[in-house]
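The next block holds one structure in the form of structure tokens; read it before the comments.
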Amino acid sequence: MNAMSRSANPAASRALTTCIGRLEELVDQESEALSHNQTIDLQEFNHRKSRALLELSRMARTVPTENISTDARIGIIRLREKLERNQALLKTHISAVQTVAGLIAQAMSDAESDGTYSAPLGARV
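Under the working numbering, read the sequence shown as residues 165 to 289, first letter to last.
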């Protein structure tokens, strides 16, 4: 695109703000579900976030940096904060899943073992 076709376009700036708002809402939904330990389809949320981020990146290309509205700039800052919270919640969720999976794997291993190759309880190796 040349500079002429990327000049100030209020409609594009409003569309960018709307796009940011939709992504914020999606991240809020996922974060809310994670923080309340609700069962959610993480794959579906990931797919929806990927599509929304693609839409945002395409929309952002249509608005020159110097023409981004104050509302869009504030939305971007809010979105960044929400994404950081979402990331922390996802890390906590993944850590919990890994812990539970480890406990299950250890319990299965212990149940299958007859003790032949393991050290007796309380023994120092």
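C-beta: ideal position from N, C-alpha, C; glycine also.
With fewer than 16 other Cβ atoms inside 10 Å of its own Cβ, residue 266 counts as exposed.
Shown here for residue 227: same chain residues with a beta carbon closer than 6 Å to its own, the five before and five after excluded, namely 176, 177, 180 in chain order.
Every alpha helix (DSSP H) stretch that sits fully inside the region 199-241 and reaches 4 residues is listed by chain position as 206-226. Three or more beta-carbon pairs drawn from the region 180-198 and the region 211-218 are found closer than 8 Å, and the two stretches are therefore classed as touching. Taken through DSSP and simplified to helix, strand or coil, residue 250 comes out as helix.
The Cβ neighbour count for residue 264, taken over all protein chains shown within 10 Å, is under 16; the residue is labelled exposed.
Separation of residue 224 and residue 276 (C-alpha to C-alpha, rounded to the nearest whole angstrom) is 56 Å.
Sixteen is the threshold: when 16 or more other Cβ atoms of the shown chains lie within 10 Å of the Cβ of residue 195, as they do, the residue is buried.
The three-state secondary structure of residue 273, taken from DSSP, is helix. Around the Cβ of residue 260, a 10 Å sphere holds fewer than 16 other Cβ atoms; the residue is exposed. The residue from 253, 235, 247 with its alpha-carbon nearest to that of residue 199 is 253. The residue from 241, 202, 271, 246 with its alpha-carbon nearest to that of residue 257 is 202.
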